[in-house]
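Trainee:
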Amino acid sequence: MNFKKEPFFDGNSEWEDLGDGVSRQFVGYNSQVMMVIVKFEKDAIGALHQHFHSQITYVASGKFEVTVDSETKVLQQGDGFFAQPNIFHGVKCLEAGQLIDAFTPFREDFLKD
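Have a look at this one:
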């Protein structure tokens with residue numbers, strides 16, 4: 003498994019187009035932690051899902067309708083949420099923006115073989 007070993011992130015990393023108005027950029031990761039920037043166009047959806055990872059998300063810009071474990075709130079720049087392992091969560095982008103996601107352990111499923 004290849005881990006991102008560079009100590010600095012300069013913002014010029016490649017964006018991965020996930021389709022439907024969503025793309026992501028890896029900041030850094032190893033086997034314990036991963037940070038990812040996720041860019042959303044207006045009305046793009048981060049579908050309701052769950053995973054065994056702990057996830058902390060910070061709203062860097064934009065406005066999002068966020069659901070965590072059946073509770074829904076509107077979050078904007080400076081807000082964030084915590085999704086415990088195996089708790090359903092998802093977002094709808096109300097105003098184009100970016101989320102910064104941190105996962106532990108890292109999301110192996112995000113990496114291409």
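Under the numbering used here, the first residue of the sequence shown is numbered 3, with each subsequent residue one higher.
All C-beta atoms, glycine included, are put in the ideal place defined by N, C-alpha and C.
#1: Rounded to a whole number of angstroms, what is the C-alpha to C-alpha distance between Glu73 and Gly92?
#2: Count the other C-beta atoms from every protein chain shown that fall within 10 angstroms of the C-beta of Val68, then say buried if there are 16 or more, exposed otherwise.
#3: From the DSSP output, in three-state form, read off Val108 for me.
#4: Where do the N-terminal and C-terminal ends of the beta strand (DSSP E) with Ala49 fall, by residue?
#5: Which runs of the beta strand (DSSP E), 3 residues or longer, sit entirely within the region 12 to 58?
#6: Apart from the five residues just before and just after Val29, which ones in its own chain have a Cβ nearer than 7 angstroms to its Cβ?
#7: Opposite Lys75 in the DSSP bridges: which residues?
#8: Let me know the secondary structure DSSP gives Gly99 once reduced to three states.
#9: Pick helix, strand or coil for Gly80, following the three-state DSSP scheme.
#10: Taking 8 angstroms as the limit between beta carbons, can you name the residues of its chain near Arg26, skipping five residues before and five after?
#11: Can you tell me whether Lys94 is helix, strand or coil according to DSSP?
Mentor: Taking the coordinates as given:
#1: 11 angstroms
#2: buried
#3: Residue 108 is actually Phe in this sequence, not Val. Correct three-state label for Phe108: coil.
#4: Ile47 to His51
#5: 18 to 21, 24 to 31, 36 to 42 and 47 to 51
#6: Phe11, Met37, Val38 and Ile39
#7: Val68
#8: strand
#9: coil
#10: Trp17, Glu18, Leu20, Val38, Ile39, Val40, Lys41 and Phe112
#11: strand
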